[in-house]
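Everything below concerns the one structure shown next.
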Amino acid sequence: MFIVTKLWISNYGYEKAKKSIDDSLKKLQSSYIDLLLLHQPFGDYYGAYRAMEEAYKQGKLRAIGVSNFYPDRYVDLCNFAEVVPAVNQVETHVFNQQKTAREYMKKYGTQIMAWGPFAEGKNNMFKNETLVSIGEKYGKSSAQTALRFLVQEGIVVIPKSVKKERMEQNINIFDFKLTDDEIGRIRSLDLGHSLFFSHQDPQTVEMIINLPR
Ligand SMILES: NC(=O)c1ccc[n+]([C@@H]2O[C@H](COP(=O)([O-])OP(=O)(O)OC[C@H]3O[C@@H](n4cnc5c(N)ncnc54)[C@H](OP(=O)(O)O)[C@@H]3O)[C@@H](O)[C@H]2O)c1
21 MFIVTKLWIS NYGYEKAKKS IDDSLKKLQS SYIDLLLLHQ PFGDYYGAYR
71 AMEEAYKQGK LRAIGVSNFY PDRYVDLCNF AEVVPAVNQV ETHVFNQQKT
121 AREYMKKYGT QIMAWGPFAE GKNNMFKNET LVSIGEKYGK SSAQTALRFL
171 VQEGIVVIPK SVKKERMEQN INIFDFKLTD DEIGRIRSLD LGHSLFFSHQ
221 DPQTVEMIIN LPR
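Count along the sequence shown from 1, then add 20; that gives the number in my numbering.
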């Protein structure tokens, strides 16, 4: 078991975040959380991050990090926070490979974690010809080929499925290895932008801030 949870914007600011961390520990009936992430780079996330740094030093949080921090916000936080985020969880899949973001995370020492590693099926990912044909060689599905690509690129993946057989399929990716040529072919699928929304778009910022919580 590796317990990960996030702080939502409504719990940002030092005092509210401090209370929210203790509330989460109570709800989880645990004395620690393995990894706590700031969910979005909006509002008083610096205050919230200070509370996380404090709880990290107290051992309540074993690691702290962020989510949806694009390179501009991420670099800013790394330069003013005491503890470099251990993880930045951002939309990452074969169509949005986060090449620039990964360079900055490597520079400051943060592990990228992919949300939406299948792009939630967008762009017909599960039937993508490149993924299907490469996967056939190894007796693997396009989903497994996509996950294997991300893992070989050094990306942590958190695929979601409600189906047991797909969960089994999604973890069964450690018995084959893509060649350099295959990695190159999948790298060329990158469109270099989100298939969902941009956290730098003012309308998206308003939409996220107003989400009910
Ligand atoms: N930090 C953030 O802001 C953020 C944003 C979005 C998501 N997330 C997190 O990211 C994780 C990934 O979830 P996600 O929902 O975004 O997307 P995802 O993992 O890219 O895609 C999930 C979809 O793929 C299907 N699927 C799973 N395995 C499959 C397989 N082997 N073959 C065919 N279809 C398959 C699932 O259907 P079935 O369930 O029917 O199998 C579901 O429709 C979740 O833990 C989620 O909470 C975080």
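Glycine included, C-beta positions come from ideal geometry on N, C-alpha and C.
State the beta-bridge partners of Gly85 as determined by DSSP. Leu57
Can you round the beta-carbon distance between Gly85 and Val107 to whole angstroms, since I take them to be within the 8 Å contact cut? 4 Å
Does the separation of the CB atoms of Tyr94 and Gly67 fall below 7 Å? no
Consult DSSP for Ile41 and reduce its assignment to one of helix, strand or coil. helix
Among the candidates Ala71, Leu170, Gly212, Arg207, whose CA atom is the shortest distance from the CA of Ile193? Leu170
How far does the alpha helix (DSSP H) with Ala121 in it reach, from first residue to last? 119-128
In the structure shown, what three-state DSSP assignment does Ile203 receive? helix
Hey, quick one: how far does the beta strand (DSSP E) through Lys26 stretch, first residue to last? 24-27
Going by Cα to Cα distance, which pick from Phe62, Met21, Leu56 is closest to Asp221? Phe62
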